[in-house]
Structures are given as structure tokens and as C-alpha cells.
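A short write-up of the structure that comes next.
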Amino acid sequence: MDIILQVLILLSIGLAAGTVGSLIGLGGGIIIVPMLLNIDRFLSAFHTVPIHVAVGTSLITIVFSSLSSTLAYHKQRRIDFKSGLLFLIGSVPGSLLGTYINSLLNTERFTLFFGILLVCISAFLFVSTKLNKKSKELHKGVIRTYTNDKGEAYTYSYSLPLAITLSMLIGLISGIFGIGGGIMLVPMMAFLFGFPPQMAVATSMFVVMFTTLGSSISYLAIGEVNFYYALLLIPGAWFGGKIGALINRKLKTETIALLLRLVVLFYGIKLMIENI
Numbered sequence: 047m048d049i050i051l052q053v054l055i056l057l058s059i060g061l062a063a064g065t066v067g068s069l070i071g072l073g074g075g076i077i078i079v080p081m082l083l084n085i086d087r088f089l090s091a092f093h094t095v096p097i098h099v100a101v102g103t104s105l106i107t108i109v110f111s112s113l114s115s116t117l118a119y120h121k122q123r124r125i126d127f128k129s130g131l132l133f134l135i136g137s138v139p140g141s142l143l144g145t146y147i148n149s150l151l152n153t154e155r156f157t158l159f160f161g162i163l164l165v166c167i168s169a170f171l172f173v174s175t176k177l178n179k180k181s182k183e184l185h186k187g188v189i190r191t192y193t194n195d196k197g198e199a200y201t202y203s204y205s206l207p208l209a210i211t212l213s214m215l216i217g218l219i220s221g222i223f224g225i226g227g228g229i230m231l232v233p234m235m236a237f238l239f240g241f242p243p244q245m246a247v248a249t250s251m252f253v254v255m256f257t258t259l260g261s262s263i264s265y266l267a268i269g270e271v272n273f274y275y276a277l278l279l280i281p282g283a284w285f286g287g288k289i290g291a292l293i294n295r296k297l298k299t300e301t302i303a304l305l306l307r308l309v310v311l312f313y314g315i316k317l318m319i320e321n322i
């Protein structure tokens with residue numbers, strides 16, 4: 047009975063993480079990591095895992111959910127592959143460095159720092175709309191145009207050195223916290239560089255696929271992955287990635303932005319309260 051319960055719950059966690067991650071471009075780590083660190087408190091059928099193992103297992107799962115959503119968004123023609131490849135120049139090395147730093151963290155305060163990070167990012171997102179118009183004028187260099195399904199054209203631009211530097215920071219966060227990096231990548235593209243939000247989410251999942259792949263290989267090499275949990279999380283995350291992309295296509299831009307803010311804020315506060 048315990049095994050059946052474990053299978054159903056882990057499949058559900060993977061499905062929820064894949065759906066939410068794909069919907070707002072976060073990858074899903076903000077659900078998987080906290081759940082793996084706290085699930086034994088609520089269900090005796092599970093055993094706790096070390097923090098580094100939770101991160102490694104999360105990253106492995108995100109590789110598959112981001113691949114699934116990338117394929118779905120590619121069919122919708124919403125991914126800016128050229129910009130995504132440029133962002134990878136910084137994010138992949140950053141993710142590898144983040145993996146190394148993770149091994150040096152004080153594990154007892156890991157979730158507290160994680161919660162503080164999420165709350166800070168959420169605060170930025172709530173005020174970022176005021177910065178959006180100014181930021182579009184500040185960063186000229188790479189200029190691109192996107193036309194959506196309705197024939198509406200969008201022009202956005204960014205400074206390549208700034209984009210690569212910020213991408214490296216995002217990759218660093220991905221490796222440290224196992225969240226895929228999309229939690230900062232989407233705001234960077236949508237609110238700083240003026241990407242259409244739907245394209246920012248889709249392109250984020252493409253970049254996250256590679257940053258998490260780099261970090262997950264490092265965790266595999268040092269044996270910090272729970273394969274049992276990962277194998278049960280991955281199927282749900284795969285289908286969740288496709289479901290999230292489908293829902294994203296039907297939602298308004300404002301709704302996606304609001305969901306992003308609320309999800310980040312909720313989990314940040316939750317983790318901080320648990321540690322205090």
C-alpha cells in the first residue's frame with residue numbers, strides 16, 4: 047500500500063511541477079525541492095533526503111519537463127532560439143559553478159536562504175511593470191521582431207554583454223537552488239528586455255533545459271540524485287510540461303504575469319516561515 051501511495055504522490059508532484067513550471071517558465075524546481083525536503087513530515091511512507099540530493103533530483107526532473115514544454119512551445123512557434131542560444135553562453139557555465147557552490151552551503155539554513163531569494167524576486171516582479179517602458183529604451187543592441195498568432199507584431203531588444211552577464215547569474219542560481227533558473231530568466235526577458243511574456247516563458251524553458259542538464263550531470267557524477275524519486279517524478283513532469291504550454295496559450299498576458307508573482311511569493315513566504 048505504501049508503494050502505491052508513493053507512486054501516486056510522486057507522479058502528482060511531478061505533474062504539478064511540470065505544469066506550473068511550463069506555464070510560467072520556472073522549470074518546476076520551486077515545487078519539487080521544497081516537497082522533497084518536507085514530504086516526510088506529512089506522509090510516513092516517505093523518507094527525507096539530504097538537501098543536495100533534493101536539488102540533484104529536482105534538476106534531473108526539470109530536464110525532462112523543460113524538454114517536453116520546449117517541444118510543445120516549438121510547435122506553437124513561440125521560442126526565440128537565437129536569443130536562447132546567446133543566453134546559454136552565460137547560463138551553462140554559471141549553472142556548473144552553482145553546483146559547486148551548493149556543496150559548500152550550510153544545509154541547515156538552505157531553505158531559509160531559498161525562501162528569502164524567492165521573496166526578493168517576487169518583490170522585484172511586483173514593481174517591475176513600472177520599469178518596463180524605461181528598460182526597453184535602455185538596452186539596444188540585438189533587436190528582434192515577433193508576430194503572434196493574431197498578427198500582432200512586437201519588437202524587443204537587449205544588450206548582449208548585459209544579457210550574458212545576467213544569464214550567468216541565473217545559471218548560478220539554477221545550480222545552487224535546483225530551480226532551473228527560469229524564476230529569474232523570465233523576468234529578465236519580459237520586464238527588462240521587453241520580450242512578449244508568452245515568448246519569454248517559452249524561450250525560458252528552452253534555456254532551462256540546457257542549464258539544468260549541465261547541473262544535473264554534475265550531481266549525477268557525485269552521486270547526489272535519488273533515482274527512485276526521480277523515476278517517479280519524471281513521467282508526471284513530462285506530461286505537465288505539455289499541459290502547462292497548452293494552458294499558457296489560452297491565458298492572457300496579464301494573467302501569466304500575476305501567476306508568476308503569486309507563485310514565487312507564496313513559496314518564498316512558506317519556506318521562510320518553516321525555518322523561523
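If you want the working numbering, it's the position in the sequence shown, counting the first as 1, plus 46.
Cβ atoms here follow ideal geometry from the backbone N, Cα and C, with glycine treated the same way.
As the structure is a computational prediction, the values presented were derived from the model and not from experiment.
Check                                                                                                                    : Outcome
Identity of the residues DSSP links to S203 by a beta bridge                                                             : I189
The alpha helix (DSSP H) enclosing E198, as first and last residue numbers                                               : Premise fails: E198 is in no alpha helix (DSSP H) and is neither H nor E.
Secondary structure of Q52, DSSP reduced to three states                                                                 : helix
Rounded separation between K180 and V247 - CA only                                                                       : Caution applies to K180, whose pLDDT of 47 falls short of 50 and renders its modelled position unreliable; the value that the coordinates give is listed next. Roughly 21 angstroms separates the two Cα atoms.
For T249 and G141, believed in contact at Cβ under 8 angstroms, the rounded distance                                     : Reading the sequence as shown, one finds Ser at residue 141 and not Gly. Not quite, the Cβ-Cβ distance comes to about 17 angstroms (not below 8 angstroms), so this is no contact.
Coil, strand or helix - I263 by DSSP                                                                                     : helix
Contact the region 62-74 vs the region 271-285: 3+ CB pairs below 8 angstroms                                            : yes
Counted within 10 angstroms of its Cβ, other Cβ atoms place E270 as buried (16 or more) or exposed                       : buried
Opening and closing residue of the alpha helix (DSSP H) in which T94 lies                                                : From DSSP, T94 is part of no alpha helix (DSSP H); its letter is neither H nor E.
Beta-carbon separation (whole angstroms), I211 vs G136, contact threshold 8 angstroms                                    : Before going on, a small fix: residue 211 reads as Thr here, not Ile. Rounded, the Cβ-Cβ distance is 6 angstroms, consistent with contact.
Outcome for R87 when other beta-carbon atoms lying within 10 angstroms are tallied against a minimum of 16               : exposed
E320 - DSSP class collapsed to helix/strand/coil                                                                         : helix
Straight-line Cα distance separating D126 from A199                                                                      : 14 angstroms
Endpoints, the alpha helix (DSSP H) within which L82 is located                                                          : G75 to N84
Inter-residue CB distance, L132 and L218 (contact presumed, cutoff 8 angstroms)                                          : Actually they do not touch by this definition, with Cβ atoms about 17 angstroms apart.
Same chain, Cβ closer than 6 angstroms to A328, neighbours up to 5 away in sequence not counted                          : Residue 328 lies beyond the stretch modelled for the chain, which goes from 47 to 322, so this question has no answer here.
Cα-Cα separation between L305 and I70, rounded to whole angstroms                                                        : 7 angstroms
Close-in-space but distant-in-sequence residues of the same chain around Y119 (CB under 7 angstroms, 5 per side omitted) : I125, A248, M251 and A291
Option in N194, T193, I167 and L206 with minimal Cα separation from G187                                                 : L206
Integer-rounded CB distance, given that G228 should sit under 8 angstroms from L82                                       : L82 to G228, Cβ: 19 angstroms. No contact.
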